[in-house]
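J.:
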Amino acid sequence: MPDEKPKLRFFYFDAKGTGEPLRLLMHHAQLPFEDVRLDRDLFTKKKSGAFSHLEVPSLVVDGTNVLISATAIARYIGRTSGLYPDDPLQGAAVDALIEQAEDMAMGLTVLEEKADRGFDCLGEPENEESAHAVIIKTINDYILPRHLANFESRIAKARGEWIAHTAEPTIADFIIVSRLEWVTTLKGINKNVLKKYPCIDAYIKRFYQIPSVIAYYAQPGRRK
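Quick note on numbering: the sequence shown equals residues 1 to 224 in the UniProt record's numbering.
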């Protein structure tokens, strides 16, 4: 791990989304960063030339190196700060957990971003005969329960307090907690779905007791 900390500028919307676990990771790792919060409408309309080649989330390292993709950024932060295992097998286990969380979210992400992903034809959830409504029902009845039961089992069997069998949290915990909570914010998903899984519920509560997470949300303007 280098002695001199990198200079970091982080670009994301003024929202939680996929950016919040990365902000929390950098804060937890004691990596100072400039938190650049973009106006979503301005960014989407690309009215500013400064945004023309920018993807979000993005992390600019030492003014020249631009990292994109939330998972890639998380791995960089983890490797810079010791929050990603040095052991290849442990690293693969962390990666697998992150990919499972992304797999759980994949269908919901498509529904939330229909226009951007070319799926406007799915219609709206308010129309019970639309493809959107049918997909939401399938996700509620089959997809989410399968993934949540898997996470419930993994957390219950974890050796240590964290899902990758570690004594301290890894990047997987930051990403998985964020993804689990994100699911409950979406239209058509039961807001209390996680309450059915006591190990997941306790795991999320434990995450919010991490001192760095408490300190982050104690700052003015921060909200869970």
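Think of the CB as a built atom: it goes at the ideal place given N, C-alpha and C, for glycine as much as any other residue. Keep in mind it's a predicted model, so treat the numbers as computed, not measured.
1) Taking a contact to mean a Cβ-Cβ separation below 8 Å, would you say Ile77 touches Leu25 in this structure?
2) For the alpha helix (DSSP H) containing Asp103, list its first residue and its last residue.
3) Would you mind stating whether Gly101 and Ile155 have Cβ atoms separated by less than 8 Å?
4) What do you get for Thr80, buried or exposed, if any count of 16 or more other CB atoms within 10 angstroms of its CB means buried?
5) If the criterion is Cβ atoms closer than 8 Å, does the pair Ile189 and Asn140 meet it?
6) Just grab the DSSP bridge partners of Leu8 for me.
7) Quick check on DSSP: helix, strand or coil for Thr166?
8) To which residues of the same chain is Ile68 closer than 7 Å at the C-beta, ignoring the five residues directly before and after it?
9) Pop quiz: residue 249 and Gly63 are said to be a contact at Cβ under 8 Å. What is the actual Cβ separation, rounded to whole angstroms?
10) With 16 other CB atoms within 10 Å as the buried threshold, where does Met106 fall?
11) To the nearest whole angstrom, what separates the beta carbons of Leu83 and Thr170, a pair I think is in contact under 8 Å?
12) Could you work out which residue in Ala172, Asp87, Ile143, Arg37 is closest to Arg75 when comparing CA atoms only?
13) Label Pro32 either buried or exposed according to how many other C-beta atoms from any shown protein chain fall within 10 Å of its C-beta, with 16 as the threshold for buried.
T.: In brief:
1) Mapped onto the sequence shown, residue 77 falls at position 77. Mapped onto the sequence shown, residue 25 falls at position 25. Cβ atoms of Ile77 and Leu25: closer than 8 Å.
2) To locate residue 103, count along the sequence shown from 1; it is residue 103. From DSSP, the alpha helix (DSSP H) with Asp103 extends over 88-112.
3) Taking the sequence shown and counting its residues from 1, the one referred to as residue 101 is at position 101. Taking the sequence shown and counting its residues from 1, the one referred to as residue 155 is at position 155. It is worth fixing the name first, because residue 101 is Ala in this sequence and not Gly. Result no, Cβ atoms of Ala101 and Ile155 do not sit closer than 8 Å.
4) Numbered from its first residue, the sequence shown carries residue 80 at position 80. With 16 or more Cβ atoms within 10 Å of its Cβ, Thr80 is classed as buried.
5) Counting from one through the sequence shown, the residue named residue 189 turns up at place 189. Counting from one through the sequence shown, the residue named residue 140 turns up at place 140. Taking 8 Å as the cut-off, the Cβ atoms of Ile189 and Asn140 count as close.
6) Numbered from 1 along the sequence shown, position 8 holds the residue referred to as residue 8. Paired residue(s): Phe33, Val61.
7) Sequence index remark: in the sequence shown, residue 166 carries index 166 (1-based). Reduced to three states, the DSSP call for Thr166 is strand.
8) By 1-based counting over the sequence shown, the position of residue 68 is 68. Residues of the same chain with a CB within less than 7 Å of the CB of Ile68, apart from the 5 flanking positions on each side, are Glu55, Ser58 in chain order.
9) Here the chain covers residues 1 to 224 and nothing more, so residue 249 does not appear.
10) The residue labelled residue 106 in the question sits at position 106 within the sequence shown. Exposed, since its Cβ has fewer than 16 Cβ neighbours within 10 Å.
11) Here residue 83 refers to the residue found at position 83 when the sequence shown is read from its first residue. Here residue 170 refers to the residue found at position 170 when the sequence shown is read from its first residue. Right, their Cβ atoms sit about 6 Å apart.
12) Numbered from its first residue, the sequence shown carries residue 75 at position 75. Residue Ala172 is the option with its Cα nearest to Arg75.
13) Here residue 32 corresponds to residue number 32 of the sequence shown, with the count starting at 1. Its Cβ having fewer than 16 others within 10 Å, Pro32 is exposed.
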